[in-house]
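Visitor: Quick one: the structure is below, and I'll ask about it shortly.
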Amino acid sequence: MIYRLLAINIDGTLLKSNGRLAKETKEAIEYVKNKGVYVTLVTGRNFAFAKKVAKSLKLDTFLITHGGAFIASKLDQPLQAKRISEDKTFNLVQVLENYDCTVRILHERYSIGNRLRGANNLMARAVLGSSDPLIYPMQFVESLGDTLIDNPIAPPKIEVYFTEPEERERVFDTLKSAFKDIEILVHADGKVDILPDGGTKLDGLLTLGDVLKIAPQEMVVIGDTMEDLPIIEVAGLGVAMGNAPKEVKQAADWITRTNDESGVAYMIKEHFRKQQRIAFLNKLKI
């Protein structure tokens, strides 16, 4: 099989634990680009953050961001922008603000959230340190519900942080029974993502593949979390990072080194050195 697209998760995969890009990872991405392979990022992060990482890698491709709901190479020209409607966003916030949780509405241009409530240091870092405020403004208000009355928003994603697992379970059950046409993902760290129907990483990857006319079996996907499991399973070559949980490793076709051991670079060099340039293969009609 010839692989024409490489999709890479960002946190825990592309980036080291300290949030940095290793030199060998940058070199490996340049290497696979020179082979003619289309390289994209697939992330739960906002578009501005993903674009910043892409710029460091000299990528000017479509990026799958906001958990899969927002796909773009340029902010003003999205390929796809799945959204939670203004009314549904308001109704979700009305429910969530009855619980002890922190809510962030993630528009592609900015985020707005309620004040941190009883947040421990881990939650505060997750909410406040998740993006660069210079490229992705963050605003915090006392009441999201009141703010949305005057300034309605239709975001690609909502994040919710809880201090108590029991509270999270109650909210999860409430939202599942009260709202249709949304996707709810609970992360290993307890964070909850609310996405529009059809706005997951898998939906985003398949949409991009359709546009580029690249079939799933012609894709390589590298990831490290349970949220990456569906795209690892659908890819022609699904790769788990060495730091991925057991379930992800078991589903993968190939297991590379950890993110702190430059696992992305290792996988690229081990596999793609065996593949000829796409332009050459096209001439051979392979």
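Be aware that the sequence shown starts at 8, since it is given in the working numbering, and climbs by one per residue. Glycine is no exception: its CB is placed at the ideal position from the N, C-alpha and C atoms.
1) By the three-class DSSP mapping on this structure, what secondary structure does Leu-82 have?
2) Would you identify the three-state DSSP class for Phe-54, choosing helix, strand or coil?
3) Suppose contacts are defined by Cβ-Cβ distances below 8 Å. Is Asp-231 in contact with Asn-16 by that definition?
4) For the beta strand (DSSP E) that contains Asn-98, what are its first and last residues?
5) Determine, using beta carbons only, whether Glu-34 comes closer than 8 Å to chain D.
6) Just to confirm my understanding: we take Thr-96, look at its own chain, exclude 5 residues before and 5 after, and list those with CB closer than 8 Å. What are they?
7) Grab me the residues of Arg-122's own chain with a C-beta within less than 7 Å of its C-beta, minus the 5 sequence neighbours each way, in chain order.
8) Alpha carbon to alpha carbon, how far is His-278 from Ala-258?
9) Hey, would you say Ile-275 sits closer than 8 Å to Met-248, going by beta carbons?
10) Considering only their Cβ atoms, is the gap separating Asn-266 from Ser-24 smaller than 8 Å?
11) Taking the alpha carbon of Asp-260 as the reference point, which residue from Pro-237, Gly-205 and Arg-280 has its own alpha carbon closest?
12) For Gln-101, is the classification buried or exposed, using 16 other Cβ atoms within 10 angstroms of its Cβ as the cut-off for buried?
13) Looking at the secondary structure, which residues open and close the beta strand (DSSP E) in which Tyr-45 lies?
14) Please name the residue in Asp-94, Arg-175, Gly-51 and Lys-40 whose C-alpha comes closest to that of Thr-68.
15) State the Cα-Cα distance for the pair Pro-172 and Leu-22, rounded to the nearest angstrom.
16) Does the pairing of the stretch 197-216 with the stretch 70-80 give three or more beta-carbon distances under 8 Å?
17) Pick from His-194, Glu-234, Asp-94 and Arg-116: whose alpha carbon is nearest that of Asp-157?
18) On the criterion of 16 or more Cβ atoms from any shown chain inside 10 Å, does Asp-235 qualify as buried, or is it exposed?
19) Is the beta carbon of Glu-115 closer than 8 Å to that of Phe-54?
20) Please list the terminal residues of the continuous beta strand (DSSP E) segment that includes Gln-282.
21) Would you list the residues sitting across from Gly-164 in a DSSP beta bridge?
22) Around the C-beta of Gly-206, are 16 or more other C-beta atoms found within 10 angstroms, so that it is buried, or is it exposed?
23) Are Asp-179 and Ile-189 closer than 8 Å when you measure CB to CB?
Guide: Reading from the atomic positions:
1) If DSSP states are grouped into helix, strand and coil, Leu-82 belongs with coil.
2) helix
3) yes
4) Not the beta strand (DSSP E): Asn-98 falls in the alpha helix (DSSP H), residues 93-103.
5) The chain inventory of the structure shown lacks chain D, comprising one protein chain alone.
6) Ile-112, Leu-155, Pro-159, Ile-160, Ala-161, Pro-162 and Ile-165
7) Phe-147 and Glu-149
8) 18 Å
9) no
10) It is a contact, given that the beta carbons lie within the stated cut-off.
11) Measuring from the Cα of Asp-260, the nearest candidate turns out to be Pro-237.
12) exposed
13) 45-48
14) Relative to Thr-68, the option among Asp-94, Arg-175, Gly-51 and Lys-40 whose CA is nearest is Lys-40.
15) 28 Å
16) Under the 8 Å Cβ criterion, the stretch 197-216 counts as touching the stretch 70-80, having at least three qualifying pairs.
17) Asp-94
18) Around the Cβ of Asp-235, a 10 Å sphere holds 16 or more other Cβ atoms; the residue is buried.
19) yes
20) Gln-282 -> no beta strand (DSSP E), and no H or E assigned at all.
21) Going by the sequence as given, residue 164 is Lys instead of Gly. DSSP, once it has assigned bridges, lists Leu-113 as partnering Lys-164.
22) buried
23) In the sequence under discussion, the amino acid at residue 179 is Phe, which differs from the Asp named in the question. Taking 8 Å as the Cβ cut-off, Phe-179 and Ile-189 do not qualify as a contacting pair.
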